[in-house]
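K.L.:
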Amino acid sequence: MALSGRAALRWGPLLPSRCPFAAPLCRPAWLPAASERPYSSRGKEKLDMSTYPVESIRNFSIIAHVDHGKSTLADRLLEITGTISKTDRNKQVLDKLQVERERGITVKAQSASLFYNHEGINYLLNLIDTPGHVDFSYEVSRSLSACQGVILVVDANEGIQAQTVANFYLAFEAQLSIIPVINKIDLKNADPERVEKQIEKLFDIPTDECVRISAKQGTNVEKVLQKVIEKIPPPQCNTTDPLKALVFDSTFDHYRGVVANIALFGGEIAKGQKIVSAHTKKRYEVNEVGILAPSEQPTHKLYAGQVGYLIAGMKEVTEAQIGDTLFLYKQPVEPLPGFKSAKPMVFAGMYPIDQTEYNNLKSALERLTLNDSSVTVHRDSSLALGAGWRLGFLGLLHMEVFNQRLEQEYNMSVILTAPTVPYKAVLSSAKLKKEYGKDQITIISPAQFPDKLSVSEYLEPTVLGTIVTPHEYIGKIITLCQDRRAVQKDMLYIDENRVMLKYLFPLNEIVVDFYDALKSLSSGYASFDYEDAGYQSADLVKMDILLNGNPVEELATVIHKDKAYAAGKLLCERLKETIPRQLFEIAIQAAIGKKIIARETLKPYRKNVVAKCYGGDITRKMKLLKRQAEGKKLMRKIGNVEVPRDAFIRVLRRETDK
Numbered sequence: 001m002a003l004s005g006r007a008a009l010r011w012g013p014l015l016p017s018r019c020p021f022a023a024p025l026c027r028p029a030w031l032p033a034a035s036e037r038p039y040s041s042r043g044k045e046k047l048d049m050s051t052y053p054v055e056s057i058r059n060f061s062i063i064a065h066v067d068h069g070k071s072t073l074a075d076r077l078l079e080i081t082g083t084i085s086k087t088d089r090n091k092q093v094l095d096k097l098q099v100e101r102e103r104g105i106t107v108k109a110q111s112a113s114l115f116y117n118h119e120g121i122n123y124l125l126n127l128i129d130t131p132g133h134v135d136f137s138y139e140v141s142r143s144l145s146a147c148q149g150v151i152l153v154v155d156a157n158e159g160i161q162a163q164t165v166a167n168f169y170l171a172f173e174a175q176l177s178i179i180p181v182i183n184k185i186d187l188k189n190a191d192p193e194r195v196e197k198q199i200e201k202l203f204d205i206p207t208d209e210c211v212r213i214s215a216k217q218g219t220n221v222e223k224v225l226q227k228v229i230e231k232i233p234p235p236q237c238n239t240t241d242p243l244k245a246l247v248f249d250s251t252f253d254h255y256r257g258v259v260a261n262i263a264l265f266g267g268e269i270a271k272g273q274k275i276v277s278a279h280t281k282k283r284y285e286v287n288e289v290g291i292l293a294p295s296e297q298p299t300h301k302l303y304a305g306q307v308g309y310l311i312a313g314m315k316e317v318t319e320a321q322i323g324d325t326l327f328l329y330k331q332p333v334e335p336l337p338g339f340k341s342a343k344p345m346v347f348a349g350m351y352p353i354d355q356t357e358y359n360n361l362k363s364a365l366e367r368l369t370l371n372d373s374s375v376t377v378h379r380d381s382s383l384a385l386g387a388g389w390r391l392g393f394l395g396l397l398h399m400e401v402f403n404q405r406l407e408q409e410y411n412m413s414v415i416l417t418a419p420t421v422p423y424k425a426v427l428s429s430a431k432l433k434k435e436y437g438k439d440q441i442t443i444i445s446p447a448q449f450p451d452k453l454s455v456s457e458y459l460e461p462t463v464l465g466t467i468v469t470p471h472e473y474i475g476k477i478i479t480l481c482q483d484r485r486a487v488q489k490d491m492l493y494i495d496e497n498r499v500m501l502k503y504l505f506p507l508n509e510i511v512v513d514f515y516d517a518l519k520s521l522s523s524g525y526a527s528f529d530y531e532d533a534g535y536q537s538a539d540l541v542k543m544d545i546l547l548n549g550n551p552v553e554e555l556a557t558v559i560h561k562d563k564a565y566a567a568g569k570l571l572c573e574r575l576k577e578t579i580p581r582q583l584f585e586i587a588i589q590a591a592i593g594k595k596i597i598a599r600e601t602l603k604p605y606r607k608n609v610v611a612k613c614y615g616g617d618i619t620r621k622m623k624l625l626k627r628q629a630e631g632k633k634l635m636r637k638i639g640n641v642e643v644p645r646d647a648f649i650r651v652l653r654r655e656t657d658k
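Sequential numbering of the sequence shown, starting at 1, is according to UniProt numbering.
1. So if DSSP puts Y358 in a beta bridge, which residue, or which two residues, is it bridged to?
2. Measure the alpha-carbon distance for H118 versus P233 and round it to whole angstroms.
3. Exposed or buried, which one is A172 when buried takes at least 16 other CB atoms within 10 Å?
4. By DSSP, does E319 sit in helix, in strand, or in coil?
5. Residues in its own chain within less than 6 Å of S429 by CB, not counting five upstream and five downstream?
6. List in chain order: all unbroken beta strand (DSSP E) runs of 3+ residues lying wholly within the stretch 363-396.
7. Which of the three DSSP states, helix, strand or coil, is assigned to L583?
8. Looking at the unbroken alpha helix (DSSP H) that takes in T81, where does it start and where does it end?
9. Would you call the CB atoms of I160 and I199 closer than 8 Å?
10. Output the residue ranges of the beta strand (DSSP E) runs that lie fully inside the stretch 444-486 and measure 3 residues or longer, sorted by chain position.
11. By Cβ distance below 7 Å, which residues in the same chain neighbour G305 in space, the five residues on each side in sequence not counted?
12. Going by Cα to Cα distance, which pick from E400, N359 and D617 is closest to G388?
13. Is DSSP giving A407 helix, strand or coil here?
14. Going by DSSP in three states, S143 sits in which element: helix, strand or coil?
15. Looking only at its own chain, which residues have a Cβ that is under 8 Å from the Cβ of K621, when we skip the five neighbours before and after it?
16. Assign H398 to one of two classes, buried (16 or more other C-beta atoms within 10 Å of its C-beta) or exposed (fewer than that).
17. Do you know offhand how far M500's Cα is from V468's?
18. Please report how far the alpha carbon of G349 lies from the alpha carbon of F402, in whole angstroms.
19. Tell me whether the beta-carbon of P352 lies closer than 8 Å to the beta-carbon of L361.
20. Find out if the Cβ-Cβ distance for the pair K301, I275 is shorter than 8 Å.
21. For T240, which of helix, strand or coil comes out of DSSP?
22. Go ahead and label E509 buried or exposed: buried means 16 or more other beta carbons lie within 10 angstroms of its beta carbon, across all protein chains shown.
23. Could you give the first and the last residue of the continuous alpha helix (DSSP H) run that contains V165?
24. Opposite R58 in the DSSP bridges: which residues?
25. Mark P38 as exposed unless 16 or more other C-beta atoms lie within 10 angstroms of its C-beta, in which case mark it buried.
26. Does DSSP classify K227 as helix, strand or coil?
27. Rounded to whole angstroms, what's the CA-CA distance from K216 to E79? Just pull it up for me.
28. Output the boundary residues of the alpha helix (DSSP H) element that contains H198.
29. Would K70 be called buried (16 or more neighbouring beta carbons within 10 Å of its own) or exposed?
30. Any chance the stretch 461-476 sits against the stretch 518-534, with 3 or more Cβ pairs inside 8 Å?
31. Thinking C-beta only, is N220 closer than 8 Å to A64?
32. By how many angstroms is the C-alpha of I179 removed from the C-alpha of Q226?
33. Could you check the C-alpha separation between V377 and L243 for me, to the nearest Å?
34. Give the straight-line distance between the Cα atoms of T369 and A162, rounded to the nearest whole angstrom.
35. So, helix, strand or coil for V66, using DSSP?
36. If we ignore side chains and look at the alpha-carbon of each, how far apart do I415 and E409 end up?
In structure tokens, the structure reads:
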């Protein structure tokens with residue numbers, strides 16, 4: 001049946017393309033090509049990974065201090081191996097999160113598989129780009145579990161920094177091969193000889209083993225790949241062994257459920273196989289396996305020694321536990337050691353701005369904590385702010401990035417309270433010991449703080465801090481550390497200009513603004529890193545805030561006795577500015593037990609009752625003023641001060657406006 005011209009125009013585009021009447025189908029400009037669509041992996045040609053035996057596989061990670069050029073080096077490696085095409089737009093290719101691109105830092109460790117031919121042999125290089133900031137060292141330690149070697153990048157201009165030292169020891173303790181690389185040799189002030197001497201002095205690595213490169217310009221980067229093949233050993237595993245896969249990372253996809261990143265320590269895995277999780281004991285069928293190059297590339301199988309991704313219909317966010325071992329159904333294996341669970345260093349309350357958003361925020365938190373398993377979540381509620389959660393983070397930057405990701409990825413606005421640290425109390429009361437079932441309890445919020453009479457001692461967390469600084473700032477930095485109750489442990493000159501200081505800090509002294517103060521004192525040149533150093537005895541007190549004698553639970557804090565007066569005065573002043581005035585006087589007090597340590601008075605609104613008196617006897621005026629004072633006194637007795645929600649938010653926010 002032939003269509004008339006007008007009908008052909010109307011119906012032509014809707015007919016199949018093989019119909020002689022159909023107009024050619026054009027792809028609209030807004031629709032990406034099939035190859036660019038994120039979920040078009042079904043149409044991709046699957047790779048055959050059996051051509052890469054264990055001997056030709058190298059698993060390695062890039063570690064460094066913040067901003068020393070890890071992601072830039074990863075971009076050049078991807079270009080040299082042909083994984084991505086060379087363009088000027090290749091900046092932070094592996095940094096996929098918006099927060100990473102905005103801040104120019106790596107937050108999530110990202111992996112990519114590179115194919116490289118060296119001396120006629122095809123090698124499979126699995127690269128993992130790691131974060132450099134101290135708060136994300138948990139990501140680094142997780143990544144190193146899937147590697148046999150590391151590239152340690154050091155800036156030729158700045159030299160060894162605090163996080164360089166911390167990351168070196170992480171790799172050294174894991175007994176990995178270390179390739180030192182000196183980056184940014186193209187800079188005007190670069191001094192690679194000085195940096196080589198620092199590496200030799202601190203890490204005992206000979207200067208001739210260092211590779212000098214410029215990742216930005218691509219100078220000498222090929223030599224790094226050759227060193228990776230020569231120095232890093234292949235993984236110790238066999239394809240004939242039963243399947244043993246380590247889940248070292250996972251993400252949540254709205255359409256396909258959980259995508260787990262796995263490293264195979266034995267056997268092989270293919271679509272259709274039935275696997276079991278050692279942690280949950282649940283059974284799954286494998287829907288897809290593949291490698292990240294750096295986008296998802298499906299393969300027929302993954303073999304021992306290889307690193308890739310797995311989709312197996314895991315719908316619940318809790319099912320892909322990081323550090324879990326996967327094995328074939330009816331072929332159980334000894335689970336891999338997994339990871340030490342991350343230890344939260346900072347706690348903060350998180351509440352929805354509007355309580356109707358509670359369930360949406362709950363599901364957003366569940367999905368984000370799957371992607372960032374180092375966050376701990378406890379239910380919490382507050383009279384002023386409603387139902388919410390008490391979250392544990394690895395540090396302040398971690399807390400800020402988590403909050404930013406909630407806003408950007410899930411469109412959630414939240415109230416985040418001031419950060420606190422976890423204290424411990426050694427109980428002396430037999431009644432409390434029986435109630436808790438243990439001698440020691442951990443206090444993560446002031447509401448749990450036990451009375452001094454039932455406690456033999458309080459303990460506060462400490463950290464061993466490493467500061468690397470130019471020597472001209474030593475005096476200021478030592479004074480700053482002493483103000484923060486720190487104890488000096490070590491002082492070492494790395495070279496004639498740079499000094500490494502080691503201090504034992506109470507964690508609550510560095511948690512809010514120590515890093516900012518250190519940077520401003522040293523004009524931005526000092527770097528800081530810390531590691532957990534256990535607990536020490538401390539003179540801790542619970543400071544309550546009283547409004548007209550009534551305690552306000554949400555504003556109570558646990559603080560060291562020496563710092564209580566200054567902190568109480570600051571909080572009272574801030575409250576005076578934020579609480580609206582009433583018709584009666586409000587006394588804002590900071591108290592430790594029964595003792596008042598600071599006070600501010602919010603004056604009442606007052607009517608001028610003597611305005612109508614023109615001249616006359618003074619007793620008339622005194623009578624009117626006395627009557628007004630009695631009315632105010634009565635009003636104060638029965639008046640109830642309610643702190644408005646926005647005043648709470650302003651006081652509880654982290655800003656330390658002093």
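Note that CB positions come from ideal geometry on N, CA and C, so glycine has one too.
Predicted, not measured: the structure shown is a model, and the values here were computed from it.
P.N.:
So, from the data block:
1. The sequence position of residue 358 within the sequence shown is 358, counting from 1. Looking at the DSSP assignment, Y358 forms no beta bridge with any residue, so it has no partner.
2. Taking the sequence shown and counting its residues from 1, the one referred to as residue 118 is at position 118. Taking the sequence shown and counting its residues from 1, the one referred to as residue 233 is at position 233. Roughly 15 Å between the two C-alpha positions.
3. Locating residue 172 in the sequence shown gives position 172, counting from the first residue. Inspection of the sequence shows that residue 172 is occupied by Phe rather than by Ala. It is exposed - the Cβ of F172 has fewer than 16 other Cβ atoms within 10 Å.
4. The sequence position of residue 319 within the sequence shown is 319, counting from 1. Three-state result, E319: coil.
5. Counted from its first residue, the sequence shown places residue 429 at position 429. Once the five neighbours on either side are set aside, the close Cβ partners of S429 are S454.
6. 376-382 and 386-393
7. Working through the sequence shown from its first residue, we reach residue 583 at position 583. Note: L583 maps to coil in three-state DSSP.
8. In the sequence shown, the residue the question calls residue 81 occupies position 81. Premise fails: T81 is in no alpha helix (DSSP H) and is neither H nor E.
9. Residue mapping note: residue 160 aligns to position 160 of the sequence shown, counting from 1. Residue mapping note: residue 199 aligns to position 199 of the sequence shown, counting from 1. Result yes, Cβ atoms of I160 and I199 sit closer than 8 Å.
10. 455-470
11. Indexing the sequence shown from 1 puts residue 305 at position 305. Cβ neighbours of G305 beyond the five flanking positions: V54, I57, P234, P235, C237 and L264.
12. On the sequence shown, position 388 is the one that residue 388 refers to. Ranking the options by Cα distance to G388, first place goes to N359.
13. For the purposes of this step, residue 407 is taken as the residue at position 407 of the sequence shown. The sequence shown places Glu at residue 407, not Ala. It is helical.
14. What you label residue 143 is simply residue 143 of the sequence shown in a count that begins at 1. Three-state result, S143: helix.
15. As a position in the sequence shown, residue 621 is number 621, starting the count at 1. Excluding residues within five positions, the ones whose Cβ falls inside 8 Å are V610 and C613.
16. Taking the first residue of the sequence shown as position 1, residue 398 is located at position 398. The residue is buried, with at least 16 neighbouring Cβ atoms inside 10 Å.
17. Residue numbering aside, residue 500 sits at position 500 when the sequence shown is read from its first letter. Residue numbering aside, residue 468 sits at position 468 when the sequence shown is read from its first letter. If I take the Cα positions, the gap works out to 4 Å.
18. One-based indexing of the sequence shown puts residue 349 at position 349. One-based indexing of the sequence shown puts residue 402 at position 402. Approximately 13 Å, taken between the alpha carbons.
19. Residue mapping note: residue 352 aligns to position 352 of the sequence shown, counting from 1. Residue mapping note: residue 361 aligns to position 361 of the sequence shown, counting from 1. Going by C-beta atoms, P352 is nearer than 8 Å to L361.
20. For the purposes of this step, residue 301 is taken as the residue at position 301 of the sequence shown. For the purposes of this step, residue 275 is taken as the residue at position 275 of the sequence shown. Not a contact, by the Cβ cut-off of 8 Å.
21. If you number the sequence shown from 1, residue 240 lands on position 240. Note: T240 maps to coil in three-state DSSP.
22. Along the sequence shown, one-based indexing puts residue 509 at 509. Its Cβ being crowded by 16 or more others within 10 Å, E509 is buried.
23. Position 165 of the sequence shown holds residue 165. From DSSP, the alpha helix (DSSP H) with V165 extends over A162 to E173.
24. As a first step, residue 58 is located in the sequence shown; it is residue number 58 there, counting from the start. Beta-bridge pairing links R58 to L125.
25. Your numbering for residue 38 matches position 38 in the sequence shown. Any reading at P38 is ruled out, since the residue's pLDDT is 39, under 50, leaving its predicted position unreliable.
26. Residue 227 sits at position 227 when you count from the first residue of the sequence shown. Correct three-state label for K227: helix.
27. By one-based count along the sequence shown, residue 216 stands at place 216. By one-based count along the sequence shown, residue 79 stands at place 79. Computed Cα separation, rounded: 12 Å.
28. Position 198 of the sequence shown holds residue 198. At residue 198 the sequence reads Gln, which differs from the His that was named. Element bounds for Q198: P192 to F203.
29. Mapped onto the sequence shown, residue 70 falls at position 70. That one is buried.
30. yes
31. The residue given as residue 64 occupies position 64 in the sequence shown. The residue given as residue 220 occupies position 220 in the sequence shown. Taking 8 Å as the Cβ cut-off, A64 and N220 do not qualify as a contacting pair.
32. Numbered from 1 along the sequence shown, position 226 holds the residue referred to as residue 226. Numbered from 1 along the sequence shown, position 179 holds the residue referred to as residue 179. Using only the alpha carbons, I get a separation of about 11 Å.
33. Counting from one through the sequence shown, the residue named residue 377 turns up at place 377. Counting from one through the sequence shown, the residue named residue 243 turns up at place 243. Using only the alpha carbons, I get a separation of about 33 Å.
34. For the purposes of this step, residue 369 is taken as residue 369 along the sequence shown, with counting starting at 1. For the purposes of this step, residue 162 is taken as residue 162 along the sequence shown, with counting starting at 1. About 28 Å.
35. Here residue 66 corresponds to residue number 66 of the sequence shown, with the count starting at 1. Coil at V66, not helix or strand.
36. As a working mapping, residue 415 is identified with position 415 in the sequence shown. As a working mapping, residue 409 is identified with position 409 in the sequence shown. Taking the straight line from one Cα to the other gives about 17 Å.
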